[in-house]
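Below is one structure, written out as structure tokens; comments come after it.
There are 2 protein chains.
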Amino acid sequence: MSRRHEILRRAAEIFERKGVAHTSMENIAQAVGVKREAIYYYFSSREDILLEIILPQSSALLSHFRNAMATPLSATEKLHEAIRVHLSGYNPGYLEMSVMLRENHYFKDKKKLSELRTIWHDMTQLWVDLIREGQNNNEFNPNLDPKLAAFGILGMCNWMSRWFDPSQDATIPEIIDTFFTLGSQGILRVENTSTYNSERAIGSE
Amino acid sequence: MSRRHEILRRAAEIFERKGVAHTSMENIAQAVGVKREAIYYYFSSREDILLEIILPQSSALLSHFRNAMATPLSATEKLHEAIRVHLSGYNPGYLEMSVMLRENHYFKDKKKLSELRTIWHDMTQLWVDLIREGQNNNEFNPNLDPKLAAFGILGMCNWMSRWFDPSQDATIPEIIDTFFTLGSQGILRVENTSTYNSERAIGSE
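First to last, the protein sequences are chains A and B.
All residue numbers for the first sequence refer to the working numbering, where the first residue is 1 and numbers rise by one.
All residue numbers for the second sequence refer to the working numbering, where the first residue is 1001 and numbers rise by one.
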């Protein structure tokens, strides 16, 4: 592992454990086993280190996502792919995903912040487009607001950054399956979905 | 508004905007329009202010949630209530909910931290129990892991703290409806849920 790479790795570990704002350059230097000056040789600030951890992770996620959305799959299969792509980011990228998603980040460097915002804006838009596509195809429930539905499913996936512990919790494939079933069919037994719906339809007539 | 109450309010506004770690006692004093010493008259640290914002909000949420779970409703109706109780916390408690949920909090006061953790542990347990109850009742899909399913639906609701803007987004009742439909029936049109399911069943035979 190059020195630069090692700094990024140790920083990600501390960011994940203590949160970014509670991490000093001194903490990172100690974890690497060097003087603080040695860190400044590679990075001019904690913010630079943070960006070099989360920008490549965000770009990679967007690019995998874009590829999945450009396939000729049905919207339902694309939803499965979308969840798979997103959650697969946690392995082996657990630290980077957690650091990226667990807190709002505040940057002085507005240019880099806007680069990050553009990536996340594009990602969100792809999710909303996927919901719209499924509604236009008659695969998805047309009564749901596509933005709110996208935020709901994306929220399930993003919130994982707050509870997932790779040493203790379910495996990523199990979580992908559960979230796809939940996002596509909901928690109700399939028989009850139609019963519940027709009861509601009768009740509202 | 009492001085103490005003301090809590202004602090919540700044925590929400800048994140807790980026907020100093000086920032809070300036927002209230007093000297820093005046803040220390009421609170011994930023941590104390933060706790006084999020502990009561967390307790209130747990207590509403517990009441909803103790009703004789079906598990499906309880799920609707659970989402309603959780999301209703954002109005008028938008600031408090956002500060509470948007980031992991780090406390030196381990006693208060453990008080907060107990509340959230109990809340999560109630969600898991609700999913189990619905599975035992034959209302919910028995193949889903109750903990993962609970984390998925709770994740939709909690992630709202990262995107919801009361001045711009949908209303809370619209979001409650969307998340209940999504959590109970999923994104698929009801007709497609059974089709998709039977196709999978055929395909896997």
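Just so you know, even glycine gets a beta-carbon here, dropped at the ideal spot from N, CA and C.
All of these numbers come straight from a predicted model, not from anything done at the bench.
Contact check, residue i vs residue j, beta carbons under 8 Å
{"i": "B/E1026", "j": "B/A1075", "result": "no"}
{"i": "A/W127", "j": "A/A82", "result": "yes"}
{"i": "B/T1193", "j": "A/T193", "result": "yes"}
{"i": "A/L61", "j": "B/I1187", "result": "no"}
{"i": "A/M123", "j": "A/F65", "result": "yes"}
{"i": "A/M141", "j": "B/R1189", "result": "Reading the sequence as shown, one finds Asn at residue 141 of chain A and not Met. It is a contact, given that the beta carbons lie within the stated cut-off."}
{"i": "A/I175", "j": "B/L1148", "result": "yes"}
{"i": "B/E1103", "j": "A/E37", "result": "no"}
Contact belief for residue i with residue j at Cβ below 8 Å, rounded distance in angstroms
{"i": "B/R1010", "j": "B/I1028", "result": "6 Å"}
{"i": "A/F151", "j": "B/G1152", "result": "So it is not a contact: roughly 14 Å between Cβ atoms."}
{"i": "B/A1012", "j": "B/V1099", "result": "6 Å"}
{"i": "B/L1055", "j": "B/E1115", "result": "7 Å"}
Span separating the alpha-carbon of residue i from that of residue j
{"i": "B/I1014", "j": "B/V1020", "result": "8 Å"}
{"i": "A/V34", "j": "A/E6", "result": "11 Å"}
{"i": "A/L101", "j": "B/S1058", "result": "22 Å"}
{"i": "A/F43", "j": "A/L51", "result": "11 Å"}
{"i": "A/K112", "j": "B/T1023", "result": "22 Å"}
{"i": "B/T1071", "j": "A/R46", "result": "51 Å"}
{"i": "B/E1205", "j": "A/E133", "result": "Any reading at B/E1205 must be qualified, since the residue scores a pLDDT of 31, below 50, and its modelled position is unreliable; no value is offered."}
{"i": "A/M69", "j": "A/Y40", "result": "40 Å"}
{"i": "B/M1097", "j": "B/F1107", "result": "18 Å"}
{"i": "A/K110", "j": "B/S1063", "result": "42 Å"}
{"i": "B/F1191", "j": "B/M1156", "result": "The residue asked about is misnamed: residue 1191 of chain B is Glu in this sequence, not Phe. Distance between the alpha carbons of B/E1191 and B/M1156 is about 24 Å."}
{"i": "B/D1048", "j": "B/I1119", "result": "18 Å"}
{"i": "B/N1137", "j": "B/G1089", "result": "29 Å"}
{"i": "A/R84", "j": "B/S1167", "result": "33 Å"}
{"i": "A/H121", "j": "B/L1144", "result": "31 Å"}
{"i": "B/G1183", "j": "A/L154", "result": "13 Å"}
{"i": "A/R4", "j": "A/D129", "result": "38 Å"}
{"i": "A/Y131", "j": "B/Q1125", "result": "It should be noted that the sequence gives Ile, not Tyr, for residue 131 of chain A. Spanning the two alpha carbons is a distance of roughly 31 Å."}
{"i": "B/M1001", "j": "A/S2", "result": "57 Å"}
{"i": "B/N1067", "j": "A/N67", "result": "46 Å"}
When the options are compared against residue i, the one with the closest alpha-carbon
{"i": "B/P1146", "options": "B/Q1135, B/M1156 and B/G1155", "result": "B/Q1135"}
{"i": "A/R117", "options": "A/A82, A/E174 and A/H105", "result": "A/H105"}
{"i": "B/D1165", "options": "B/L1130, B/P1092 and B/E1077", "result": "B/P1092"}
{"i": "A/P173", "options": "A/A12, A/H86 and A/L148", "result": "A/H86"}
{"i": "A/E77", "options": "A/Q185, A/E191 and A/R189", "result": "A/Q185"}
{"i": "B/L1008", "options": "B/E1037, B/I1053 and B/R1162", "result": "B/I1053"}
{"i": "B/W1163", "options": "B/N1067, B/M1001 and B/L1095", "result": "B/L1095"}
Next item on the list: Check each residue of the region 169 to 194 of chain A: if its Cβ is closer than 8 Å to any Cβ of chain B, include it; give the result in chain order.
Entry: Of all residues in the region 169 to 194 of chain A, only A170, E174, I175, T178, F179, T181, L182, G183, S184, Q185, G186, I187, L188, R189, V190, N192, T193 and S194 place a beta-carbon less than 8 Å from a beta-carbon of chain B.
Margin query: Any C-beta of chain B within less than 9 Å: which residues of the region 2 to 16 of chain A qualify?
Written below: Listed by position along the chain: nothing, the set is empty.
Notebook entry, point to check: Taking any Cβ of chain A, which residues in the region 1067 to 1090 of chain B have a Cβ under 8 Å from it, in chain order?
Noted result: Per Cβ criterion, the list reads T1076 and L1079.
Notebook entry, point to check: According to a CB-to-CB cut-off of less than 8 Å, which residues of the region 102 to 134 of chain A neighbour chain B?
Noted result: Correct list: R102, E103, N104, Y106, I131 and G134.
Next item on the list: Residues of the region 1142 to 1160 of chain B with a CB closer than 9 Å to any CB of chain A: list them in chain order, please.
Entry: Listed by position along the chain: P1142, N1143, L1144, D1145, K1147, L1148, A1149, F1151, G1152, I1153, L1154, G1155, M1156, C1157, N1158, W1159 and M1160.
Note to self: Give me the subset of the region 1027 to 1047 of chain B whose CB atoms are less than 7 Å from a CB atom of chain A, sorted by chain position.
What the structure shows: Taking 7 Å as the Cβ-Cβ cut-off against chain A, none of the residues of the region 1027 to 1047 of chain B qualify.
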